[in-house]
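Visitor:
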Amino acid sequence: MARMSFLAPTPLQCVLDAFDVAPAQANSPFDLLTQPVEWRHSKAKTMRKHIAANDVAQSHDHGGPNNAAQYYSPFNSHYQTQPHPQYNPPHHHGHHAGPAHLHPGVPSSPHMHGPPPSHSCNNLTPSVLPTGPSPPLNSEERIRQRSWYKKCRKTEEGNYYRQPPRRNKNNKTNNNSVNISVNGDIHHQNNMANTPTAASTTENGAELEVERKFFQQMSNIPEPKVKEVEPRSASLIMAPPDFDQSEFEMSTVHVELQLSEKGRDKYRTVYSGPFQEITLKNLKPATEYSLRACSRFEELKGSMTEPVIFKTLCCVPDQPQHPKLANKTKNSLLLKWNAACENGSKISTYSLEYDKGLNNGEFYEVYSGLVKQHRINYLQAGTKYTFRLAAINSIGKSLFSELTSYCTSGTVPPQPDPPTITTSQINSLNLSWVKRQSDETFTLQMEDETTGHGFLVVYNGPNCSYKVPNLQRNTDYRFRLSAKNEEGPSKWSEIVTYQTLPGPPGIPSKVQVKGKIHAHHFKVTWDPPKDTGGTKVFNYHVEMDDGEGFRNIYNGAELECSCDGLIPGSTYNVHVACSGPGGKSDFSDSISVTTPAVIPGQSQPPKLQGKPKATSLHLRWGPPVSDGGSPITEYIVQMVSPDNTTREVYKGRDTDCVVAGLLPGRPYLFQVKCSNKIGAGPWSESCEVVSGPGVPDAPKCPTVNWKSPHCIQLSWEKPVNNGATITDYRLEWQQKTNLDFTQLYVGPQRKYEIKNLLPATNYSFKVSAINSAGAGPFSSVCRCQTQPSSPAAVVHCKVQTTATDALLKWEEPHNNGSEILSYNIDTGDKQLINITDATEYRLEHLSPDTVYRIKIQAVNAIGPGAFSFAIKVITKSLPPEPPSLECVSAAPNSLKLKWGDGRNPDLIQYQLEIGRDDKHFQTVYYGSAHVYKVNRLSELTSYDFRIFAINDAGCGEYSNLFKFSTTKAPPPPLRAPKVSEITVNSCQVEWQGCKSMGADSVIYQLQILCISRGEHEYKSVYRGTETSFNYNPQLYTLKPLYIRSTPTECFRWQNRIRNNISSMVLRRKAEEVQRETSRGSREKQVCCYMTEKLIDWKLERDRECGFG
């Protein structure tokens, strides 16, 4: 694409001279664009000559004198305005006024450009860049394509860098070039020698590099820093990304924050705007949130930061719901409430307050605790109390709930005052009364003496007023009132009487002409209105319309009026109204009166038009010779049927009609007469017409002949053929009432036999006749029921068995028209079991684990039905007998029990129970094993056990009680004794004692084994209650010893001697001792020995000390 070109500074003076403009008036050729269009067009030619002569027309991207020719190509206006395919910047509109910036190579010649106007552009939808020639440089599309780049690039050293728009990849090299003339016109020409492909590729590469660098710097956004966290809000600081301030402008780069709760992977955007300190609100207390951010420039987004996790603080509980009433008495109220939201800190107390029934806005605490219900006692009867509730945790106290009021039970209200009337209307009365503190609802009763029904309830509710509707006018009504609360109703108030207002009278009835209507006068009479409005009617008002509107002709109390001065042959409309104390009524319906005239003469006889049809024909007639001086208003056609009955078949203004509803093939007589507003003329002469042939008439209802419960025969009579011979009959039947009729037979016979029917079943039949004109109507439906028969077989049967009996249940089969009287049950015996009025039976005294085959038969008045299919019944086996218990082994804390012989082919389950102190038994084992060890028992204690067996037949009986006892527990094992204070003649042996086992005392026994003498058995040297012993072995001095403490385990102890004793000698000696003193896996020996070198060392020490 071509880019906007700038003029070099050398030819600037030439350009200004060509346009006769001083340098002070224009800083660059672009400032000439602000001149008038006419002036620019007149100077354009001269400017082109100066540019060509000095070779100054250079493109911003293809600089050089060889490209000057591209500025002189004609303008081509086929470019489309499309936004950039990737970005959607706001549109720039027109030229702008603002701070000056410099073009390259034009020193001190600033070109005036500025920011776009502050109006918005709504078209931000991306679109594909069109192929073809590049759009004009000053077109709207080129401005939109460069808009995002202009926003983020700065003006540097007077140069306005423009990012070229991207070219479509499908665009091929195009030799079209775009030129900007001095007057602002844009020209396009084909320049095969100067192709901008290379420069355009360079521009696209530069644009991609700038976009990549811009995206990388947008992604260098630091993580959000949470500054302050509250229970429902959090303040954070967002720092802008690390941009190259010398290259990009940060004023339009914003930040987007996304928030997610713990446990939810979905983030939602909570903020999008400038970089600043942000406060997140409406957060949940004591909740962990994840926060991440990215920078955003219009539709371009940078990479997301790592999530920052923070948790809101705990706060006071939410406002609880108001307490609800659970129960009440005269002196107490039981309230309950639901738990409130804790908001991170567990609720410690609920505070319930009430106003003591004073209703003065002051509340007093009546309960404080964690239980969510409380009964308030010592209250006054029939009093309303107001309550509120608050929740308290370690943070503080919540808001109080909404106020709610409840009343204690009390006494019935006293007798109320009678209701008072507010307003009285014609058909209603507005009554009101006073509500007292003890009143909850009211019952209003009314008595209408005209009906004789006494007092009836007209209102029941809590309101203090009521409008009684649908009353009669000017009528007295009696009222009384009763108040009611939960304790019951009060006495009725005193009876009061109120009267409705009178209304206007009704419309006079039976307005008619009295006597003969004359050519110039007639009389009108009427009856009084049925509804007088509750008072007497004073006057009647008569109005007559002669075509110019109604006018009053009479006012008075009489019930008739004479209308005089009339025109013969004219029509008059008269209506009547009446008036009384309640007002004036509406006018009655108007009556139309026409003065007499001459009736019309005899009409012409009707004539047949076309060929007659089977059920209709077309007649036409002419007007009468004389209309009697009045226009004909209607024609009347009369028809005489073959049975000499007469009926009117047409009445109207037309002179022809179609007569329908005729019988086919019958003769008919027709006459016509006409009438005007005076009356009808005489009948015309008769015209005889025969109708065409038609379908046959409907046959009579078929007759039924029952042959068996499964077969009937239908027959029918031949109907009237209506002028054509009957060829066939169609018989249809309906098997169920919800189904349609279907064809059963078609043929010339008038009888048909139907087989394979169900007994006692309703069937419907109808038949129609067919001739050459078609099928006639069907006969009336013949409904019949087949004869009853024996019942159907029992189909559905259920069996419930035990070891000795079986319960049979079956559904009643179809009785086939006769009620089922009894059932026969065949169990395989010779004699059947007969039962009546039941669909179930229990077979008793059966053998356990036996197969029976049972059949059931239903019987009605016709006879027995078929047996059902054989039902296989298998009785269950008897429950097993309980086994005998025996104790295999007893321990201080357990008992191992055994039962049975160890074999269980029938998979019998056993339940072992142990007796408790409360004389109840507890299950300790359930399964199919024969051995079980009962643990966690007390030592030296007797226990009762019992057992029973379970199989498919059920649970067997409990066994007899077995009593087993635990043994006494030995003392716990001792730790290894410690040997200290070793001398030549003695040593001190110590061990850790154990606790006493109840009242028993613990005695310790110390044993020693001498190895040097070849002993193999331990000898006791101490027995007592002490935990230490000073051993002085004078006979065994300097001899190896083995020491053990009983009655528990033994431990081996080895005294390590000085370093001058060889370790090899010690190891060899230790192996020899271990071979000689092995006592099994549970004994641990204590070994104390001295080697020969130790003896020599000891003798030398004795000589040094003077012991010889």
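For the record, in the sequence shown the residue sitting at position 211 is 211 according to full-length UniProt numbering, with numbers rising by one throughout.
Don't be surprised by glycine CBs; every beta carbon is placed ideally from N, CA and C.
All of these numbers come straight from a predicted model, not from anything done at the bench.
1) Going by alpha carbons, who is nearest to Tyr289 out of Val270, Glu543, Phe297?
2) DSSP on Leu912, reduced to helix/strand/coil?
3) What are the partner residues of Thr742, as DSSP defines its beta bridges?
4) What first and last residue would you give for the beta strand (DSSP E) that runs through Gln512?
5) Could you please give me the residues that DSSP links to Pro864 through a beta bridge?
6) What three-state label does DSSP hand Val781 in the structure shown?
7) Taking residue 1133 as part of the beta strand (DSSP E), name the residues at either end of that continuous run.
8) Near Ile553, which residues of its chain fall below 6 Å by C-beta distance, leaving aside the five closest residues on each side in sequence?
9) Here's the rule I'm using: 16 or more other beta-carbon atoms within 10 Å means buried, otherwise exposed. How should Ile982 be labelled?
10) Given this structure, state the Cα-to-Cα distance separating Cys341 from Val934, to the nearest angstrom.
11) Spell out the partners DSSP gives Asn705 in its beta bridges.
12) Hey, quick one: how far does the beta strand (DSSP E) through Cys797 stretch, first residue to last?
13) Let's see if you can read the secondary structure: which residues bound the beta strand (DSSP E) around Cys407?
14) According to the Cβ coordinates, are Asp527 and Gln499 closer than 7 Å?
15) Please report the straight-line C-alpha distance between Pro323 and Thr420, rounded to a whole angstrom.
16) Nearest by alpha-carbon distance to Asp586: which of Cys407, Tyr540, Ser686 is it?
17) Where Asp589 and Ile599 are concerned, what is the direct C-alpha to C-alpha distance, given to the nearest angstrom?
18) List the DSSP bridge partners of Ser272.
19) Please go through the same chain and pick out, in chain order, the residues whose beta-carbon is closer than 6 Å to the beta-carbon of Cys407, but skip the five residues on each side of it.
20) Which term fits Ile726, buried or exposed, when burial requires 16 or more other beta carbons within 10 angstroms of its beta carbon?
21) Alpha carbon to alpha carbon, what distance is there between Pro864 and Ile833?
22) Just to confirm, is the Cβ distance from Glu558 to Thr525 under 7 Å?
23) Which one or two residues does DSSP pair with Trp899 in a beta bridge?
24) Are there 16 or more other CB atoms within 10 angstroms of the CB of Gln25, so buried, or fewer, so exposed?
25) Excluding the five sequence neighbours on either side, which residues of its own chain have a C-beta within less than 6 Å of the C-beta of Ile950, listed in chain order?
26) Apart from the five residues just before and just after Ala769, which ones in its own chain have a Cβ nearer than 7 Å to its Cβ?
27) Across which residues does DSSP place Glu560 in a beta bridge pair?
28) Please classify Tyr572 as buried or exposed, where buried requires at least 16 other C-beta atoms within 10 Å of its C-beta.
29) Can you tell me the Cβ-Cβ gap for Phe442 and Lys484, rounded? I've got them flagged as a contact below 8 Å.
30) Taking the alpha carbon of Pro624 as the reference point, which residue from Gly692, Val640, Ser684 has its own alpha carbon closest?
31) Considering only their Cβ atoms, is the gap separating Ser351 from Ala390 smaller than 7 Å?
32) Among all the DSSP beta bridges, which residues are the ones paired with Met544?
33) What are the start and end residues of the beta strand (DSSP E) that includes Asp476?
34) Quick test of the definition: if touching needs 3 or more C-beta pairs under 8 Å, does the segment 660-678 touch the segment 630-639?
35) From the DSSP secondary-structure annotation, give me the bridge partner or partners of Ser675.
36) At the level of alpha carbons, what is the spacing between Ala597 and Val637?
Guide: The answer reads as follows:
1) Selected option, being the one with the closest Cα: Val270.
2) Residue state, collapsed to three classes: strand.
3) Beta-bridge pairing links Thr742 to Trp733.
4) Unbroken beta strand (DSSP E) run through Gln512: 509-514.
5) Val859
6) coil
7) Outside the displayed span of the chain (1 to 1108) sits residue 1133, for which this structure offers no information.
8) Val542, Met544
9) It counts as exposed.
10) Answer to the nearest angstrom: the Cα atoms are 48 Å apart.
11) Gln713
12) Taken as a continuous stretch (DSSP letters only), the beta strand (DSSP E) holding Cys797 covers 797-801.
13) Per DSSP, Cys407 belongs to the beta strand (DSSP E) from 404-407.
14) no
15) 39 Å
16) Minimum Cα distance to Asp586 is reached at Tyr540.
17) 28 Å
18) Glu256
19) Lys384
20) buried
21) Cα to Cα, Ile833 sits roughly 14 Å from Pro864.
22) Glu558 places its beta carbon 7 Å or farther from that of Thr525.
23) Leu885
24) With a pLDDT of 45 at Gln25, under the threshold of 50, the predicted position of this residue should be treated as unreliable, though the coordinate-derived value follows. Burial call: exposed.
25) Gln909
26) Pro696, Pro699, Pro719, Ile726, Tyr729, Gly776
27) Answer is Thr525, bridged to Glu560.
28) buried
29) 7 Å
30) Ser684 is the residue among Gly692, Val640, Ser684 whose C-alpha sits nearest the C-alpha of Pro624.
31) yes
32) Arg551, Val574
33) 476-485
34) yes
35) Glu634, Ala680
36) Cα to Cα, Ala597 sits roughly 23 Å from Val637.
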